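S.K.: Structure provided below as structure tokens; questions to follow.
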Amino acid sequence: MNFRTGLILRRRILPDPAAPVVTSRDDLDTVRAETKAVYNRQAAAWNAQRPLSLHERPCLEEFAAKLPRGGHVLDLGCGSGAPIGGWFLEQGYRLTGLDYAPAMIELAKSQYKEGEWLVGDMRDLNLCGRYDGVISWDGFFHLSREEQRAFFATLAPLMVPGAPLLLTVGPEDGEVTGTVASEQVYHASLSPDEYRARLDAAGFSDVRITPHGEETAGRTLLTAVRT
Ligand SMILES: C[S@@+](CC[C@H](N)C(=O)[O-])C[C@H]1O[C@@H](n2cnc3c(N)ncnc32)[C@H](O)[C@@H]1O
Numbered sequence: 001m002n003f004r005t006g007l008i009l010r011r012r013i014l015p016d017p018a019a020p021v022v023t024s025r026d027d028l029d030t031v032r033a034e035t036k037a038v039y040n041r042q043a044a045a046w047n048a049q050r051p052l053s054l055h056e057r058p059c060l061e062e063f064a065a066k067l068p069r070g071g072h073v074l075d076l077g078c079g080s081g082a083p084i085g086g087w088f089l090e091q092g093y094r095l096t097g098l099d100y101a102p103a104m105i106e107l108a109k110s111q112y113k114e115g116e117w118l119v120g121d122m123r124d125l126n127l128c129g130r131y132d133g134v135i136s137w138d139g140f141f142h143l144s145r146e147e148q149r150a151f152f153a154t155l156a157p158l159m160v161p162g163a164p165l166l167l168t169v170g171p172e173d174g175e176v177t178g179t180v181a182s183e184q185v186y187h188a189s190l191s192p193d194e195y196r197a198r199l200d201a202a203g204f205s206d207v208r209i210t211p212h213g214e215e216t217a218g219r220t221l222l223t224a225v226r227t
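With the first letter of the sequence shown counted as 1, position 133 gets the number 133 in the UniProt record's numbering; the numbers rise by one all the way through.
Following this line, the structure appears as structure tokens:
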């Protein structure tokens, strides 16, 4: 494991220099196993501190430009629904938000009556819909590298041809921890080359990795289109 890479990833994904550095494989696995419980426990704290200014708007608009009018968007790791799920609803799209933390889904339901909000795990997508677009903003990067590798083949049949995909990822291959309300959570990323190769093999085209910057709301963005 490359901890230098890990530190770089942590700075770029979640700027939290105060976060303790995990120093063993076992510790990292423990943090990974606990991440769901942390989000469930800290859902209210998360919701209270999640910025609502929609600095992600340019990225969302670029994604939405590829959607049909009123299309059905799947938001994986939707959290409390604010502000991203809410933005899609306001723009007139159908929205299914899925999150494995029941407390997050309760918050989303209480904030947005119109959306469909499901408790579920994106590692085990058990959905029968077909979606016009799929987004996972700061959700997908909680999957381990092995889980990320398996994810694309599961996702592809759920998307209509031409549907856009938008994920936030890390800038390079690695595993790191971040914090949510002082509790540690797990993050991982594949390398840009591996994302390109895996998406290509799973039936996606136009794969682009855009390095973090102001125009990407500080995130490394992965965008692709279902062929
Ligand atoms: C950093 S929050 C982001 C929430 C929302 N996307 C946003 O931008 O505000 C990450 C969310 O992903 C969810 N999550 C992490 N791993 C997940 C998984 N395997 N399946 C479903 N949800 C997951 C967490 O419960 C949490 O609500």
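A virtual CB, placed ideally from N, CA and C, is assigned to each residue, including glycine. This structure is a prediction, so every number in the text was calculated from the model and none was measured.
1. Mind checking whether V31 and Y131 have CB atoms under 8 Å apart?
2. Here's the rule I'm using: 16 or more other beta-carbon atoms within 10 Å means buried, otherwise exposed. How should V119 be labelled?
3. Got a sec? Which residues, its chain only, sit under 7 Å from K36 by beta carbon, not counting five neighbours each side?
4. CA-CA distance, P157 and E172?
5. Using only alpha-carbon positions, find the residue among E34, G71, T210, F204 that is nearest to A224.
6. Let me make sure I understand the geometry here. Which of P51, L190, L165, P164 has the alpha-carbon closest to that of G174?
7. Can you confirm whether the segment 131 to 141 touches the segment 103 to 112 when touching is taken to mean that 3 or more C-beta pairs between the two stretches lie within less than 8 Å?
8. Going straight from the alpha carbon of G69 to that of Y93, what length do you get?
9. Looking at the unbroken alpha helix (DSSP H) that takes in E39, where does it start and where does it end?
10. Excluding sequence positions up to five away, which residues of its chain have a Cβ less than 6 Å from the Cβ of F88?
11. Output yes or no for whether 8 Å exceeds the beta carbon distance between P164 and L60.
M.R.: Here's the rundown:
1. Numbered from its first residue, the sequence shown carries residue 31 at position 31. Numbered from its first residue, the sequence shown carries residue 131 at position 131. No, Cβ-Cβ distance for V31 and Y131 is not below 8 Å.
2. Here the question's residue 119 lines up with position 119 in the sequence shown. Exposed.
3. Against the sequence shown, residue 36 aligns to sequence position 36. Answer for K36: Y100, A101, listed in chain order.
4. To locate residue 157, count along the sequence shown from 1; it is residue 157. To locate residue 172, count along the sequence shown from 1; it is residue 172. About 27 Å.
5. Along the sequence shown, read from residue 1 onward, the residue named residue 224 stands at position 224. Nearest C-alpha to A224: F204.
6. For this step, residue 174 is matched to residue 174 along the sequence shown. Nearest C-alpha to G174: L190.
7. no
8. Residue numbering aside, residue 69 sits at position 69 when the sequence shown is read from its first letter. Residue numbering aside, residue 93 sits at position 93 when the sequence shown is read from its first letter. With the sequence shown as reference, residue 69 is identified as Arg, and Gly is not the correct amino acid for it. Computed Cα separation, rounded: 7 Å.
9. In the sequence shown, the residue the question calls residue 39 occupies position 39. Sequence check: residue 39 is Tyr here, not Glu. Taken as a continuous stretch (DSSP letters only), the alpha helix (DSSP H) holding Y39 covers 25 to 41.
10. Stepping through the sequence shown from its first residue, residue 88 is reached at position 88. If we look at F88 and ignore the five residues flanking it on each side, its Cβ neighbours are V73, L95.
11. As a first step, residue 164 is located in the sequence shown; it is residue number 164 there, counting from the start. As a first step, residue 60 is located in the sequence shown; it is residue number 60 there, counting from the start. Not in contact: P164 and L60 (Cβ atoms no closer than 8 Å).
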